[in-house]
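Trainee:
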Amino acid sequence: MYQLIALCLLLLSLPLQAQQVEIRGTRIWTAPDRTRLVLDIATSVPHKIFPLENPHRLVIDIPDARLKDKLPVLKADEPLLIGIRSGVRAGNDLRLVLDLKKKVRAKSFLLKPNERYGHRLVVDLAPAGKGMGKKATGDKPRPTPRSRLRDIVVAIDAGHGGEDPGAVGAAGTKEKVITLQIAHKLARLVKKEWGMRPVLIRKGDYFLRLRKRIQLARKQRADLFVSIHADAFRDRRVRGSSIYTLSHRGASSEAAKWLADKENSADLMLGIDLNENDALLATVLLDMTQNATLEHSNLAANRVLAKLRKVGVVHKNKVQKAGFVVLKAPDIPSMLIETAFISNPEEEKRLRSKAHQAKLANAILAGIKSYFTKYSPPGTKFARGGRGPEHSHVIGSGETLLEIARHYDVSLTSLRKVNDIHGDRIRAGQTLTIPGS
Ligand SMILES: [Zn+2]
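Structural data, given as structure tokens:
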């Protein structure tokens with residue numbers, strides 16, 4: 007009898023279950039400015055999200071759905087979420103409740119299948135009161151005090167992340183993991199350098215839009231943008247590293263887009279007020295900026311490629327050109343480094359090795375340093391030639407000795423001594439010797 011009831015129940019529940027939408031997986035990605043919940047769903051489904059207060063929660067209702075697996079356990083340092091739990095409502099509707107550490111702004115959307123995942127429901131959470139994905143990057147640009155020499159800023163971008171693993175090697179190595187490890191290593195090396203400061207564009211395992219990566223670099227006033235990747239090809243024998251810079255075609259197709267975006271162009275023109283009549287001026291200015299940027303991208307890339315050659319095999323002996331979106335900042339020299347072929351089993355193994363990662367990072371740093379030593383941005387410590395020989399400064403009208411000393415980061419006493427000046431009297435047009443440090 008018991009068995010019969012069980013059978014009936016089973017029969018009853020079978021057709022019902024077949025229709026139900028299955029949630030096959032749940033992932034949580036934590037970025038500095040948001041937390042992303044991703045649900046793998048069998049098909050595109052309707053859903054509803056809404057907040058509850060006291061305490062703060064977010065509810066996700068999905069009609070006629072069920073969870074296939076357990077919900078993920080959250081890390082203790084997850085900034086927004088305490089936990090995630092599920093329940094069944096009205097017999098077969100699924101309700102997920104996110105217990106929150108604070109009030110959030112939430113948005114949800116569906117993602118279409120790609121080669122790796124099927125349909126996905128994405129819920130993005132950001133702290134309330136801050137713009138979703140716009141502000142709150144965690145990195146506020148450091149203001150440069152006037153008349154102080156600044157550090158050169160190197161933006162280091164680890165390719166892929168979060169839902170996007172990048173290329174995957176035969177042994178299962180994910181590109182997004184390797185790129186982040188090398189990026190961290192490079193950042194540590196840059197940090198140790200005198201007169202240089204790294205900015206990590208991606209800091210953990212989360213997805214970042216390509217244009218957002220550029221935005222983050224521009225916000226930090228980066229002097230150079232280096233995107234780290236690992237290549238893949240059908241033929242597993244293909245090997246070696248290569249470097250890409252933006253092609254002219256990629257740059258010109260981007261120009262129109264930048265000019266169309268008022269905020270972008272205003273920023274780019276450094277406060278030059280452009281009204282409609284200035285469209286031509288804007289185009290000319292952008293064109294000049296882009297040309298200079300492309301030229302410097304290549305100068306820098308060539309130097310890095312030369313150093314990589316010493317570490318191992320180089321796939322292409324010349325810097326390659328392509329229309330990669332992430333290279334499209336019109337005012338930051340940018341390069342994309344394919345460190346090796348993750349599809350080549352031997353190189354995949356090497357990419358995982360800490361020692362080889364360090365070699366790569368050191369080579370990239372050496373290339374970057376060699377570029378900045380030759381072409382140092384004005385106003386930076388490199389431009390002063392810091393540890394190098396002394397050089398000269400022609401006094402402008404209204405400048406004071408103290409200002410000049412501060413600008414070059416030298417002491418007033420040494421400036422006076424080298425130039426045999428007693429007191430503070432100087433005159434415009436006079437040439438000063440700036441002592442090396
Ligand atoms: Zn990649």
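With positions in the sequence shown counted from 1, the corresponding number in the numbering used here is that position plus 6. Yeah, the Cβ is synthetic: ideal placement off N, Cα and C, and Gly gets one too.
Just the C-alpha distance for residue 412 and residue 421, rounded to the nearest angstrom, thanks.
Mentor: Position 406 of the sequence shown, counting from 1, holds the residue named residue 412. Position 415 of the sequence shown, counting from 1, holds the residue named residue 421. Going from the Cα of residue 412 to the Cα of residue 421 covers about 10 Å.
Trainee: Counting Cβ pairs, one atom from each stretch, are 3 or more of them under 8 Å apart for the region 26-46 and the region 206-220?
Mentor: yes
Trainee: Can you tell me which residues fall inside 5 Å of ligand 1, judged by beta-carbon distance to its nearest heavy atom, and keep chain order?
Mentor: 165, 172, 235
Trainee: For residue 99, which of helix, strand or coil comes out of DSSP?
Mentor: Translated into positions along the sequence shown, residue 99 becomes position 93. If DSSP states are grouped into helix, strand and coil, residue 99 belongs with the strands.
Trainee: Tell me whether residue 340 is buried or exposed, calling it buried when 16 or more other Cβ atoms sit within 10 Å of its Cβ.
Mentor: The residue labelled residue 340 in the question sits at position 334 within the sequence shown. Label assigned to residue 340: buried.
Trainee: Excluding the 5 residues flanking residue 244 on each side, which residues of the same chain have their C-beta closer than 6 Å to its C-beta?
Mentor: The residue given as residue 244 occupies position 238 in the sequence shown. Within the same chain, residue 244 has close Cβ partners 347.
Trainee: Pick helix, strand or coil for residue 115, following the three-state DSSP scheme.
Mentor: On the sequence shown, position 109 is the one that residue 115 refers to. Of the three classes helix, strand and coil, the one that applies to residue 115 here is strand, per DSSP.
Trainee: Starting from the Cα of residue 383, find the closest Cα among 158, 286, 440 and give me that residue.
Mentor: Sequence index remark: in the sequence shown, residue 383 carries index 377 (1-based). Looking only at 158, 286, 440, the smallest Cα-Cα distance to residue 383 is reached by 158.
Trainee: Which partner residues does residue 415 have in the DSSP bridge list?
Mentor: On the sequence shown, residue 415 is found 409 positions in, with the first residue counted as 1. Answer by DSSP bridge pairing: none, since residue 415 is not bridged.
Trainee: Quick one: is residue 403 buried, meaning 16 or more other Cβ sit within 10 Å of its Cβ, or exposed?
Mentor: Position 397 of the sequence shown, counted from the start, is the residue given in the question as residue 403. Residue 403 comes out exposed.
Trainee: Roughly how many angstroms separate the alpha carbons of residue 168 and residue 208, rounded to a whole number?
Mentor: Numbered from its first residue, the sequence shown carries residue 168 at position 162. Numbered from its first residue, the sequence shown carries residue 208 at position 202. Those two C-alpha atoms are separated by around 10 Å.
Trainee: Beta-carbon within less than 7 Å of residue 353's beta-carbon, same chain only, minus the 5 sequence neighbours each way: which residues are those?
Mentor: Numbered from its first residue, the sequence shown carries residue 353 at position 347. Within the same chain, residue 353 has close Cβ partners 245, 346, 347.
Trainee: Under the rule that 16 or more other beta-carbon atoms within 10 Å means buried, what is residue 166, buried or exposed?
Mentor: One-based indexing of the sequence shown puts residue 166 at position 160. Answer is buried; the Cβ neighbour count reaches 16.
Trainee: What are the boundary residues of the beta strand (DSSP E) that includes residue 246?
Mentor: One-based indexing of the sequence shown puts residue 246 at position 240. First-last for residue 246: undefined, no H or E at that position.
Trainee: Any chance the region 123-131 sits against the region 40-49, with 3 or more Cβ pairs inside 8 Å?
Mentor: Taking 8 Å as the limit for Cβ pairs, the verdict is that the region 40-49 does touch the region 123-131.
Trainee: Short of 7 Å in beta carbon distance, which residues of its chain neighbour residue 195, apart from the five on each side in sequence? Order them along the chain.
Mentor: Counting from one through the sequence shown, the residue named residue 195 turns up at place 189. The residues are 367, 368, 371.
Trainee: Label residue 336 either buried or exposed according to how many other C-beta atoms from any shown protein chain fall within 10 Å of its C-beta, with 16 as the threshold for buried.
Mentor: As a working mapping, residue 336 is identified with position 330 in the sequence shown. Under this definition residue 336 is a buried residue.
Trainee: Return yes when the Cβ of residue 406 is within less than 9 Å of the Cβ of residue 155, no when it is not.
Mentor: Sequence index remark: in the sequence shown, residue 155 carries index 149 (1-based). Sequence index remark: in the sequence shown, residue 406 carries index 400 (1-based). No, the pair does not count as a contact, with Cβ atoms beyond the cut-off.
Trainee: Could you pull the DSSP bridge partners for residue 92 from this structure?
Mentor: Translated into positions along the sequence shown, residue 92 becomes position 86. DSSP lists 102 as partners of residue 92.
Trainee: Grouping DSSP H, G and I as helix and E and B as strand, with all else coil, what is residue 31?
Mentor: Reading the sequence shown from its first residue, position 25 is the one you call residue 31. Residue 31 sits in a strand when the DSSP states are folded into three classes.
Trainee: Exposed or buried, residue 311, counting other C-beta atoms within 10 Å across all chains shown (16 or more means buried)?
Mentor: Residue mapping note: residue 311 aligns to position 305 of the sequence shown, counting from 1. When all chains shown are included, residue 311 counts as buried.
Trainee: Exposed or buried, what is residue 350 when buried is set at 16 or more other beta-carbons lying within 10 Å of its beta-carbon?
Mentor: What you label residue 350 is simply residue 344 of the sequence shown in a count that begins at 1. The residue in question, residue 350, is buried, as its Cβ has 16 or more Cβ neighbours within 10 Å.
Trainee: Starting from the Cα of residue 313, find the closest Cα among 229, 249, 333, 255 and give me that residue.
Mentor: For the purposes of this step, residue 313 is taken as the residue at position 307 of the sequence shown. When each option's Cα is compared against that of residue 313, the closest is 249.
Trainee: Between residue 68 and residue 51, which are expected to be in contact by the criterion C-beta below 8 Å, what is the C-beta distance as a whole number of angstroms?
Mentor: On the sequence shown, position 62 is the one that residue 68 refers to. On the sequence shown, position 45 is the one that residue 51 refers to. Confirmed, Cβ separation roughly 6 Å.
Trainee: Would the beta-carbon of residue 192 fall within 9 Å of that of residue 251?
Mentor: In the sequence shown, counting from the first residue as 1, residue 192 sits at position 186. In the sequence shown, counting from the first residue as 1, residue 251 sits at position 245. Not in contact: residue 192 and residue 251 (Cβ atoms no closer than 9 Å).
Trainee: I think residue 256 touches residue 328, with their Cβ atoms under 8 Å apart; what is that distance to the nearest whole Å?
Mentor: By 1-based counting over the sequence shown, the position of residue 256 is 250. By 1-based counting over the sequence shown, the position of residue 328 is 322. With a Cβ gap of about 7 Å, residue 256 and residue 328 count as contacting.
Trainee: CB-CB under 8 Å to residue 92, same chain, minus the five flanking residues each way: which ones, in chain order?
Mentor: As a first step, residue 92 is located in the sequence shown; it is residue number 86 there, counting from the start. Excluding positions up to five away in sequence, the list reads 73, 77, 100, 101, 102, 103.
Trainee: Rounded to a whole number of angstroms, what is the C-alpha to C-alpha distance between residue 64 and residue 200?
Mentor: On the sequence shown, residue 64 is found 58 positions in, with the first residue counted as 1. On the sequence shown, residue 200 is found 194 positions in, with the first residue counted as 1. Taking the straight line joining both Cα atoms gives about 47 Å.
Trainee: Helix, strand or coil: how does DSSP classify residue 179 here?
Mentor: Position 173 of the sequence shown holds residue 179. In the three-state scheme derived from DSSP, where H, G and I count as helix and E and B as strand, residue 179 is classed as coil.
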